[in-house]
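> Using the numbering used here, the first residue of the sequence shown is number 3, and each one after it goes up by one. Beta carbons are placed, not taken as given, at the ideal position from N, Cα and C, and that holds for glycine. Quick one: structure below, then a few questions.
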Amino acid sequence: MSHTSLHHPSRASWRALALAICAMGVIVLASNILVQFPLNDWLTWGAFTYPAAFLVSELINRWFGPGLARRVAWAGFAVAIVASLLLAPARIALASACAFIAAQLLDIQVFDRLRHGSWWRAPAVATVLAAVLDTAVFWSLAFAGEDLPWLTWAAGDLSVKLAVGVGLLLPFRLLMRRHLALPA
């Protein structure tokens, strides 16, 4: 991929960016709804959907660079916050918004700094650090002071985010290769 393609996306690339923004919105909205449904005393359903947000931002970062990845994160943030405020409790929507944008911006920055190493290092390290930040911010803002087992939910949530994040390394690699094989 040329240096120019990182900063000047083609028409097909703009479609990819629009899909990424929609994906971010859907992922965050689904996670905000699913976090309200415990699977047991240490996990909610939202833990399974959220790590896909890191996959989206890391692919955009790899293909188009950190500037466009940040734009996708902010646009996805706007879509998700509006939809979440309509479909999820305000406390969850606002906690999610704070956690989402902090974690996405950290993910993008760490990924960009590590992008020139092994193909798996940047997404693995960025996802782990961003998942820890996201979990700490979200659960402390959304449920602190509530009479719910939110600390164990946070621990379970982080465990699943990390496991799913590692599991998403293979799709990351496959999608990276597919994108590189497409004509510009």
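Determine the DSSP secondary structure at residue 151, reduced to helix, strand or coil.
Residue state, collapsed to three classes: coil.
> Who are the Cβ neighbours of residue 63 in its own chain at under 7 angstroms, not counting the five residues just before and after it?
Correct list, in chain order: 71, 110, 113 and 114.
> List the residues that DSSP assigns as beta-bridge partners of residue 46.
In the DSSP output, where bridge partners are listed per residue, residue 46 has 40.
> Taking the Cβ atom as the reference point for each residue, do residue 164 and residue 130 lie within a distance shorter than 8 angstroms?
In contact: residue 164 and residue 130 (Cβ atoms closer than 8 angstroms).
> So is residue 38 buried or exposed if we call it buried at 16+ other beta carbons inside 10 Å?
It counts as exposed.
> Below 8 angstroms, how does it come out for the segment 78-85 and the segment 135-144: are there three or more Cβ pairs, yes or no?
Segments in contact, no.
> At the level of alpha carbons, what is the spacing between residue 66 and residue 118?
Approximately 14 angstroms, taken between the alpha carbons.
> In chain order, what are the residue ranges of uninterrupted alpha helix (DSSP H) at least 4 long that sit wholly in the segment 62-130?
Fully enclosed alpha helix (DSSP H) runs of 4 or longer: 68-89 and 92-116.
> Using CA atoms only, rank isn't needed, just tell me which of 175, 15 and 42 is closest to residue 156.
The candidate whose alpha carbon is nearest that of residue 156 is 42.
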